[in-house]
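Residue numbering for the sequence shown is 143 to 607, as defined by the working numbering.
All C-beta atoms, glycine included, are put in the ideal place defined by N, C-alpha and C.
Have a look at the structure below before the remarks.
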Amino acid sequence: MEIILYIIAAFMAIGFVFLIIEYPYHLVGLYIFIIHYDYNLDLPGPLDLRGILTIAFFLRLIAFDKENLNLFMHDFLKNPLFLSVLFFGLYFVMVTYINTNSFMRTMRVEIFQLIGLMIGFLTVYKGYAKKALLTAIIFAGIFSTGDLIYSYLTSSGSFYNTRILDVITKSEFNAFFNHNVMGMFIGIGIVATFMFYITKQMNNLLAFIIFFILGVGILISTSRGTLLAVIVAIAIGVFMLPKEVVNIKKLIALSLKGLAFLVIIVGGYLFFIKAANLDSEFSKQLYYRLVEEPLQMLEGKSNDYTTSGALKEGTIEWRVFQAKRDIGVFTSQRLSTQLLGYGEGGYFKIGKKEWSPGGKLNQYASHNGFVLIVIERGIIGFVFMIIIYLALIITSIKSFKKNYLTFPFFAILIFYIVYSYGAQTQLIGKFAYVLFGGVIAQRILDNNEQEETEEEEVEEELQET
143 MEIILYIIAA
153 FMAIGFVFLI
163 IEYPYHLVGL
173 YIFIIHYDYN
183 LDLPGPLDLR
193 GILTIAFFLR
203 LIAFDKENLN
213 LFMHDFLKNP
223 LFLSVLFFGL
233 YFVMVTYINT
243 NSFMRTMRVE
253 IFQLIGLMIG
263 FLTVYKGYAK
273 KALLTAIIFA
283 GIFSTGDLIY
293 SYLTSSGSFY
303 NTRILDVITK
313 SEFNAFFNHN
323 VMGMFIGIGI
333 VATFMFYITK
343 QMNNLLAFII
353 FFILGVGILI
363 STSRGTLLAV
373 IVAIAIGVFM
383 LPKEVVNIKK
393 LIALSLKGLA
403 FLVIIVGGYL
413 FFIKAANLDS
423 EFSKQLYYRL
433 VEEPLQMLEG
443 KSNDYTTSGA
453 LKEGTIEWRV
463 FQAKRDIGVF
473 TSQRLSTQLL
483 GYGEGGYFKI
493 GKKEWSPGGK
503 LNQYASHNGF
513 VLIVIERGII
523 GFVFMIIIYL
533 ALIITSIKSF
543 KKNYLTFPFF
553 AILIFYIVYS
563 YGAQTQLIGK
573 FAYVLFGGVI
583 AQRILDNNEQ
593 EETEEEEVEE
603 ELQET
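So, in structure tokens, the structure goes:
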């Protein structure tokens, strides 16, 4: 039996090598999916499968492709946005080395992320943004919805999330994943799908199916940060569209459709609860997290507390308190530390720790991506990151306003900014770097188009004279 499995694996490897040589851009979507959906999918290998795929795509698309290599040498490597991201990564490696006398792991991560940025650049530059990026984003959201539904059904409506992969592989370690991590994947899928739908690049039936699946997922995730990020990103995305695409009547119609869609999802959920005879505790939690607690915060009232009188972990007020506490501890450090940060893993020197009943020291998560960046990269690194994000968003908006059929990178980057306020940072993760590369590609394509237009105008003037 093992021999048969090895033979199948060998044939699959040969098939993959053939496809990556002959049809590399048809596999880019798979690569981006694996990069994006990293929390829920552990993959084996000496570098892990993501690392192997990253190297394979780097060799095929960049190192051994003369046309692409020339493109990088003449345009990409001179781009100010790329140079800014490159220096940002080198700065983090330097800070990590200063604080830990080690930099190999950090350097490896930064190199792989920069390769991901390059692959994202080529994906958009070669015209595969919709086929690869959008497909990967949507499937990550759908898979996350599946994870949440499975966890919900197998845990009688609790918030303990079991990965389907752990069950299939009969893993002894069933990792706990916060429900808002799955919510993040789903939220990005909703934002991307909406932007393609409203610009008439996706038919109504397909959009409805995707919205329904992801809508169920975001409801089950009960992630307040995801919901807020989706609303803000979509609102800004709609605002950036030209008037001929979105007018008042269409906005009203979309709002009514959204309301009807929400009623369908909630109604379907309540019907499912009753039909399956499940405990309604989840319904109470859903109402508390998405309605009652946010209203309490707006009214200035206190939130949920434990029996000892401490703020309950996970509430909005608890997250705000933790962020203030972490920043307070960090700002009490010496000035050089505040400016440069602690480097990779620096949050463990600042973050709150607590002994468990079993005698294990548990480290609280930051629950705030901005706080995490300030502590690990310092005030200088934080300001550097803000400048990079603003430059990328403004660049993407300019491309989008010029041609609203381009990929709406700015909407997803804005989603990350809002989402990271209440969760671990994805602002500078692997998939974010892929998006960075896409924005740079759009910028270079716009410049090339402008140069061609100017050359044509000059030729016409010469012909007239």
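How about Val387 and Tyr546: do their beta carbons lie closer than 8 Å?
Within the sequence shown, residue 387 is the residue found at index 245, counting from 1. Within the sequence shown, residue 546 is the residue found at index 404, counting from 1. Yes, Cβ-Cβ distance for Val387 and Tyr546 is below 8 Å.
Can the beta-carbon of Arg585 be found closer than 8 Å to that of Leu223?
Indexing the sequence shown from 1 puts residue 585 at position 443. Indexing the sequence shown from 1 puts residue 223 at position 81. For Arg585 and Leu223, yes; Cβs fall inside 8 Å.
Might you give, ordered along the chain, the residues of its own chain that have their beta carbon closer than 7 Å to the beta carbon of Tyr179, omitting 5 neighbours on each side?
Translated into positions along the sequence shown, residue 179 becomes position 37. The answer, listed in chain order, is Ala282, Phe285 and Phe327.
Might you give, ordered along the chain, the residues of its own chain that have their beta carbon closer than 6 Å to the beta carbon of Gly157, omitting 5 neighbours on each side?
Sequence index remark: in the sequence shown, residue 157 carries index 15 (1-based). Sequence-distant Cβ neighbours of Gly157 in its own chain, meaning closer than 6 Å and more than five residues away, do not exist here.
Using the Cβ count rule (16 or more neighbours within 10 Å means buried), how would you classify Leu348?
As a position in the sequence shown, residue 348 is number 206, starting the count at 1. When all chains shown are included, Leu348 counts as exposed.
Under a Cβ-count criterion, where at least 16 other Cβ atoms within 10 Å of its own Cβ denotes burial, should Leu398 be classed as buried or exposed?
As a working mapping, residue 398 is identified with position 256 in the sequence shown. Classification of Leu398: exposed, given that the 10 Å Cβ count is below 16.
Can you find the residues in the same chain that come closer than 8 Å, C-beta to C-beta, to Leu211, ignoring five residues on each side of it along the sequence?
Here residue 211 refers to the residue found at position 69 when the sequence shown is read from its first residue. Result list for Leu211: Ile204 and Ala205, in chain order.
Phe490 to Leu404, Cα distance in whole Å?
Counting from 1 along the sequence shown, the entry for residue 490 is found at position 348. Counting from 1 along the sequence shown, the entry for residue 404 is found at position 262. Their Cα atoms are separated by approximately 41 Å.
Neighbourhood of Phe557 by C-beta, 8 Å cutoff - its chain only, sequence neighbours within 5 removed:
Stepping through the sequence shown from its first residue, residue 557 is reached at position 415. Same-chain partners within the cutoff: Gly329, Ile330, Val333, Ala371, Val372, Val374 and Ala375.
DSSP three-state call for Arg476: helix, strand or coil?
Looking up residue 476 in the sequence shown gives position 334. In this structure, Arg476 counts as coil in the three-state DSSP scheme.
Within 8 Å of any Cβ in chain B, is that where the Cβ of Glu599 sits?
No chain B is present in this structure, which holds just one protein chain.
With 16 as the cutoff for other CB atoms within 10 Å, does Ala452 come out buried or exposed?
On the sequence shown, residue 452 is found 310 positions in, with the first residue counted as 1. For Ala452, the predicted structure reports a pLDDT of 46, less than 50, and the residue's modelled location is therefore unreliable. A value from the coordinates is still provided. Per the 10 Å Cβ criterion, exposed.
Buried or exposed (CB count within 10 angstroms, at least 16 for buried), Glu98:
The requested residue 98 does not occur in the structure, where the chain is confined to residues 143 to 607.
What separation, rounded to the nearest whole angstrom, lies between the Cα atoms of Leu356 and Thr368?
Residue mapping note: residue 356 aligns to position 214 of the sequence shown, counting from 1. Residue mapping note: residue 368 aligns to position 226 of the sequence shown, counting from 1. Leu356 and Thr368 have their C-alpha atoms spaced approximately 12 Å apart.
Just checking Val576 against the ligand FAD - is the residue's beta carbon closer than 7 Å to any of the ligand's heavy atoms?
The ligand FAD is not part of the structure shown, which contains no ligands of any sort.
Give the single residue among Val170, Lys543, Met215 and Gln464 whose Cα lies nearest to the Cα of Ile492.
The residue you call residue 492 lines up with position 350 of the sequence shown. Comparing Cα positions, the closest option is Gln464.
Opening and closing residue of the alpha helix (DSSP H) in which Met215 lies
Stepping through the sequence shown from its first residue, residue 215 is reached at position 73. Going by DSSP, Met215 is part of the alpha helix (DSSP H) stretching over Lys208 to His216.
Let's test the definition: count the other Cβ atoms within 10 Å of the Cβ of Asn510 and tell me whether it reaches 16, buried, or not, exposed.
Here the question's residue 510 lines up with position 368 in the sequence shown. Buried: at least 16 other Cβ atoms inside 10 Å.
Met114 classed as buried or exposed, judged by whether at least 16 other C-beta atoms fall within 10 angstroms
Since the first residue of the chain shown is 143 and the last is 607, residue 114 is not available in this structure.
Give the DSSP-derived three-state secondary structure of Leu195 in the structure shown.
Taking the sequence shown and counting its residues from 1, one reaches residue 195 at position 53. DSSP places Leu195 in the helix class (H, G or I) of the three-state scheme.
Compute the distance between the beta-carbons of Tyr575 and Leu169, then report whether it is under 8 Å.
Translated into positions along the sequence shown, residue 575 becomes position 433. Translated into positions along the sequence shown, residue 169 becomes position 27. Contact: no.
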